[in-house]
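Take a look at the structure set out below.
In the working numbering, the protein residues as written are 15 to 202.
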């Protein structure tokens, strides 16, 4: 419960801090509805992690559990994911927003975790969400969360990187050449 509390509190604080500066009309918005897609994906992932352990699932499927050590791995992933996400958000400072948007005076951040992957805040979220499903030990929960995250964050990253390319052009292309991976070093 402490790990889930940490996850919820960190997301609330990030949302609160990011929403304070979202009324700036000089920002060029390029969200295309992906903010709501991420909200839906986050809620769906949290629900999927729990659902397969509920009474609404046939008994034979409820028994598709992983070993209990997976619970501890899940808790560890939740904490690590929160730390990664918070570190990435703090690195961006005022440039972090919940919507895909840019301003004329904005700079491309290429320090901290952004030297390793292009979307470390999303990496942190995905690790935390997978951690929740791991903590509930159900195989189908983990698979569901992985699929949901792959779709939702994949669409969001595509939209976001298109906006970054439009804003920063050559600088963003060079950044992509230098920082090849979007989410997971050596994989994607």
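Note that beta-carbon positions come from the ideal geometry of N, C-alpha and C, so glycine has one too.
From the options, residue whose alpha carbon lies closest to that of residue i
i	options	result
residue 197	151, 163, 57	163
residue 115	171, 77, 27	171
residue 26	165, 53, 62	53
residue 33	16, 113, 69, 93	113
residue 101	161, 145, 28	28
residue 76	62, 179, 136	62
residue 84	129, 15, 22, 145	145
residue 57	97, 111, 19, 143	143
residue 138	125, 161, 99	99
residue 161	81, 22, 55, 97	55
residue 45	82, 177, 31, 125	177
residue 129	157, 190, 71, 86	190
Contacting residues, own chain, Cβ-Cβ under 8 Å from residue i (five flanking each side not counted)
i	result
residue 140	95, 163, 167, 197
residue 51	166, 169, 170
residue 78	66, 152, 153, 154
residue 82	151
Residues of its chain near residue i, where Cβ-Cβ distance is below 6 Å and the 5 sequence neighbours each way are ignored
i	result
residue 66	152, 154, 155
residue 106	123
residue 133	171, 196, 197
residue 6	Only positions 15 to 202 of the chain appear in this structure, which leaves residue 6 out of reach.
Under 9 Å between C-beta atoms of residue i and residue j
i	j	result
residue 193	residue 131	yes
residue 91	residue 148	yes
residue 11	residue 150	Given a span of 15 to 202 for the chain in the structure shown, any question on residue 11 remains unanswerable.
residue 64	residue 17	no
residue 179	residue 188	no
residue 48	residue 185	no
residue 159	residue 24	no
Same chain, Cβ closer than 7 Å to residue i, five either side skipped, listed in chain order
i	result
residue 109	120, 123
residue 202	195, 196
Opposing strand residues paired with residue i [DSSP bridges]
i	result
residue 152	79
Run of the alpha helix (DSSP H) containing residue i, from where it starts to where it stops
i	result
residue 184	184 to 192
residue 63	48 to 65
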